[in-house]
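Asks:
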Amino acid sequence: MAAYRTLRAITADDAYANLALAEHTAGLSARDAAFATELVAGACRSLGLYDAIIASAAGRPLRSLQPAVIDLLRLGTHQLLELRVPSHAAVAATVELARQVLSQRVTGVVNAILRKVAALGAEGWATRLRTERADAEALLVRHPQWIIDAYADLLPAGELPAALVANNEPPVPHLVIRPGLAEVAELGGRPLRWSPFGVEASGNPADLSAVVQGRAGVQDEGSQLIAWALARVGAPPGPWLDLCAGPGGKAALLAGLARDKGERLLASELQPHRAALVARALDVYPEPKPVVIAADGTRPAWPSNRFVRVLLDAPCTGLGALRRRPEARWRRKPSDLDALVPLQHQLLEAAINATAPGGVIAYATCSPHRRETSAIVEAAEGVEIMDAHAVLPEIPDAARGRYLQLWPHRHGTDAMFLALLRKPVAT
Ligand SMILES: C[S@@+](CC[C@H](N)C(=O)[O-])C[C@H]1O[C@@H](n2cnc3c(N)ncnc32)[C@H](O)[C@@H]1O
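This is the structure:
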């Protein structure tokens, strides 16, 4: 029931999987919560594949089934094809769930389709889909073809399978301190490979007092490294800006790093409710506190030529964080790029405008896609592209031309992209 309600929230209401899961698994035993999590994560990750199997087993297009029935079938299919749940139990439990949440009327169709799914098994379905569908190979590695193409555009051919497999494995959560307010040793767990600010979480982060008190948080090492690179690069003294700060992960680290240098961070975010999350994350710092505002980064609420270190963590497709949001790969469409790319150009222009001569802009995305990374930066005027990898030379296999590109299968982080751009001192 918890898995079904979570999946419904994701597919019908566009909920974030992690938030919906937390809501619907509250009060369950750790074992039941883990099972619900696996059911939802598996159904989300393999959604395209399971939908193809369900349609084939039903002998009719998916759209002829009720959306709620499809979600039930996705959960049943995951148990039948990937988990060690005995087939009779997976079918019986899903049919009973259908009766409870929908009606007796739909139990027949759920039962019939799942029995067909069970009869062929995972191998049998792979063979059947290869005869039925041109996109079978992509579905079998749990990615839509356009995302595979975007990865293939950037990686050596031999590495592509490992990169796709890494997207299907849930990440180990990483923790990060707020510099000056907590020590890494307080967090327990193994220190991260390159970020000096974090560890691999060894238990439930919510059990750590540093996390409860906001002196530490959960943040992928890749994101920590973006903030660290901007703090490490040479730049004149002066104020720092985070132009797209919500929900505040990088801003919380940057604010502490700015304090270390005697500087102050202005964190700006378009969405007021996300700006409120930033404010909450930064409130832990003592006076003089970092400043948080809700503002459209393309209509600057600050003077030109003002900031010496500017983070533009741009809204993007998130194709580099698919481990964390397994459903996103099926929701995102290539046409999303057509809306995001012009915004990314505009935001970068605004970031350049906000930067003081001699200052540095970190342009980051949690997507490696060429159109929203190097293509944006290379179209920018009035800045010099720096060697971003030279700022974090200790990270192996992370240079992508003059940019830094992390990968889950190489670095155990999200596939973060970073370009560092310097605004020349006026001539
Ligand atoms: C990739 S997220 C930033 C993540 C954040 N840096 C962190 O580490 O927690 C991009 C953010 O940009 C915000 N955004 C989108 N359009 C914007 C705009 N025109 N001006 C400012 N922020 C914008 C989105 O609401 C989103 O919160």
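Residues in the sequence shown are numbered from 21 upward in steps of one, following the numbering used here.
Note that beta-carbon positions come from the ideal geometry of N, C-alpha and C, so glycine has one too.
Closest by CA to residue 226, which one among 237, 217, 245?
Replies: For the purposes of this step, residue 226 is taken as residue 206 along the sequence shown, with counting starting at 1. Measuring from the Cα of residue 226, the nearest candidate turns out to be 237.
Asks: Alpha carbon to alpha carbon, how far is residue 259 from residue 154? Give it in angstroms, no decimals.
Replies: For the purposes of this step, residue 154 is taken as residue 134 along the sequence shown, with counting starting at 1. For the purposes of this step, residue 259 is taken as residue 239 along the sequence shown, with counting starting at 1. Cα to Cα, residue 154 sits roughly 54 Å from residue 259.
Asks: Within its chain, find whatever has a CB closer than 6 Å to the CB of residue 315; leave out the 5 residues flanking it on each side and keep chain order.
Replies: Counting from 1 along the sequence shown, the entry for residue 315 is found at position 295. 288, 321.
Asks: Nearest to residue 185 by alpha carbon, out of 199, 209, 159?
Replies: Along the sequence shown, one-based indexing puts residue 185 at 165. For residue 185, the nearest C-alpha among the options comes from 159.
Asks: Taking the continuous alpha helix (DSSP H) assigned at residue 141, which residues delimit it?
Replies: If you number the sequence shown from 1, residue 141 lands on position 121. Per DSSP, residue 141 belongs to the alpha helix (DSSP H) from 124-152.
Asks: Please list the terminal residues of the continuous alpha helix (DSSP H) segment that includes residue 408.
Replies: Translated into positions along the sequence shown, residue 408 becomes position 388. Looking at the DSSP string, the run of the alpha helix (DSSP H) that includes residue 408 is 408-411.
Asks: What does a CB cutoff of less than 6 Å around residue 442 pick up in its chain, not counting 5 residues either side in sequence?
Replies: Your numbering for residue 442 matches position 422 in the sequence shown. Excluding positions up to five away in sequence, the list reads 380, 404, 406.
Asks: Just checking residue 290 against ligand 1 - is the residue's beta carbon closer than 7 Å to any of the ligand's heavy atoms?
Replies: For this step, residue 290 is matched to residue 270 along the sequence shown. For ligand 1, at least one heavy atom lies less than 7 Å from the Cβ of residue 290.
Asks: CA-CA distance, residue 242 and residue 434?
Replies: Within the sequence shown, numbered from 1, the residue matching residue 242 stands at position 222. Within the sequence shown, numbered from 1, the residue matching residue 434 stands at position 414. Computed Cα separation, rounded: 6 Å.
Asks: Using CA atoms only, rank isn't needed, just tell me which of 446, 233, 386 is closest to residue 402.
Replies: Numbered from 1 along the sequence shown, position 382 holds the residue referred to as residue 402. Of the candidates 446, 233, 386, the one whose C-alpha sits nearest the C-alpha of residue 402 is 446.
Asks: Shorter than 7 Å, the distance from the beta carbon of residue 242 to the closest heavy atom of ligand 1, or not?
Replies: Within the sequence shown, the letter at position 222 stands for residue 242. The answer is no for residue 242.
Asks: The alpha helix (DSSP H) spanning residue 70 covers which residue range?
Replies: By one-based count along the sequence shown, residue 70 stands at place 50. In the DSSP assignment, residue 70 falls within the unbroken alpha helix (DSSP H) covering 67-78.
Asks: Please report the residue range of the beta strand (DSSP E) in which residue 385 lies.
Replies: In the sequence shown, residue 385 corresponds to position 365, counting from 1. Element bounds for residue 385: 375-385.
Asks: Using the Cβ count rule (16 or more neighbours within 10 Å means buried), how would you classify residue 45?
Replies: Numbered from 1 along the sequence shown, position 25 holds the residue referred to as residue 45. Classification of residue 45: buried, given that the 10 Å Cβ count is 16 or more.
Asks: Pick helix, strand or coil for residue 277, following the three-state DSSP scheme.
Replies: Sequence index remark: in the sequence shown, residue 277 carries index 257 (1-based). DSSP places residue 277 in the helix class (H, G or I) of the three-state scheme.
Asks: Tell whether a beta-carbon distance below 8 Å holds between residue 332 and residue 371.
Replies: Start at 1 with the first residue of the sequence shown, and residue 332 comes out as number 312. Start at 1 with the first residue of the sequence shown, and residue 371 comes out as number 351. Result yes, Cβ atoms of residue 332 and residue 371 sit closer than 8 Å.
Asks: Which class does residue 356 belong to by DSSP, given the choice of helix, strand or coil?
Replies: Taking the sequence shown and counting its residues from 1, one reaches residue 356 at position 336. Note: residue 356 maps to helix in three-state DSSP.
Asks: If you pair each beta-carbon of the stretch 46-64 with each one of the stretch 92-102, do three or more pairs fall below 8 Å?
Replies: yes
Asks: Does the distance between the C-beta of residue 56 and the nearest non-hydrogen atom of ligand 2 fall short of 7 Å?
Replies: Of the ligands one can find in the structure shown, namely ligand 1, none is ligand 2.
Asks: Taking 8 Å as the cut-off, does the stretch 37-54 touch the stretch 109-128 (at least 3 CB pairs, one atom from each stretch)?
Replies: Segments in contact, no.
Asks: Of the choices 293, 291, 251, whose alpha-carbon is the least far from that of residue 330?
Replies: Position 310 of the sequence shown, counting from 1, holds the residue named residue 330. Of all alpha-carbon atoms in 293, 291, 251, the one lying nearest the alpha-carbon of residue 330 is that of 251.
Asks: Are three or more beta carbon pairs between the stretch 77-92 and the stretch 207-220 nearer than 8 Å?
Replies: no
Asks: Output needed for residue 301: all residues of its chain with C-beta closer than 6 Å, excluding positions within five of it in sequence on either side, in chain order.
Replies: Taking the sequence shown and counting its residues from 1, the one referred to as residue 301 is at position 281. Same-chain partners within the cutoff: 268, 272.
Asks: Got a sec? Which residues, its chain only, sit under 7 Å from residue 348 by beta carbon, not counting five neighbours each side?
Replies: Position 328 of the sequence shown holds residue 348. Closer than 7 Å at Cβ, skipping near neighbours: 338, 342.
Asks: Rounded to whole angstroms, what's the CA-CA distance from residue 166 to residue 174? Just pull it up for me.
Replies: As a working mapping, residue 166 is identified with position 146 in the sequence shown. As a working mapping, residue 174 is identified with position 154 in the sequence shown. Whole-angstrom Cα-Cα distance: 13 Å.
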